[in-house]
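**Student:** Once you know that position 21 of the sequence shown is 197 in our numbering, the rest is easy, because the numbers rise by one and skip nothing.
Each residue gets a CB set at the ideal place from its N, CA and C atoms; glycine is no exception.
Take this structure first; my questions come after.
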Amino acid sequence: MGYEDIFEPIQVITFFEEGKLYPLRFKWKGQVYKIKRVNSHWSVKEGMGRQHHFSVTANTPDCFELVFDTTDFNWQLARVYLEG
């Protein structure tokens, strides 16, 4: 399995519950990916805000790393982990 750095803006549908953030779907290059599982979540202090990283499995064999930046409230696709 290899990975590819992407770092492109994406659109994400997110669910908030009790102060926690749960990504449900994201759109990248015109395709919508339904998130089946959040594999892991971690956050990193970045300047005045935080970046929340999510490793997710979607409706493909690949794994994706999504990043939410609390400074500007934008999402980006950081990496794709390619299966095979």
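(1) So, is Tyr198 buried or exposed, given that buried needs 16 or more other C-beta atoms within 10 angstroms?
(2) Is Glu193 near the ligand SAH - that is, is its Cβ less than 7 Å away from at least one heavy atom of it?
(3) Return the chain-ordered list of same chain residues with a C-beta closer than 6 Å to the C-beta of Gly178, the five sequence neighbours on each side being excluded.
(4) Looking only at C-alpha atoms, which of Arg226, Ile211, Glu184 sits nearest to Phe249?
(5) With a Cβ-Cβ cutoff of 8 Å, do Arg201 and Lys210 count as a contact?
**Tutor:** Judging by the given coordinates:
(1) Indexing the sequence shown from 1 puts residue 198 at position 22. By the 10 Å Cβ count, Tyr198 comes out exposed.
(2) Among the ligands in the structure shown, none appear at all, so the ligand SAH cannot be discussed.
(3) In the sequence shown, counting from the first residue as 1, residue 178 sits at position 2. Close CB contacts of Gly178 within its chain, under the 6 Å cut and outside five residues either way in sequence, are with Leu258 (chain order).
(4) Position 73 of the sequence shown holds residue 249. Phe249 has its Cα closest to that of Arg226, out of Arg226, Ile211, Glu184.
(5) Taking the sequence shown and counting its residues from 1, one reaches residue 201 at position 25. Taking the sequence shown and counting its residues from 1, one reaches residue 210 at position 34. A contact, by the Cβ cut-off of 8 Å.
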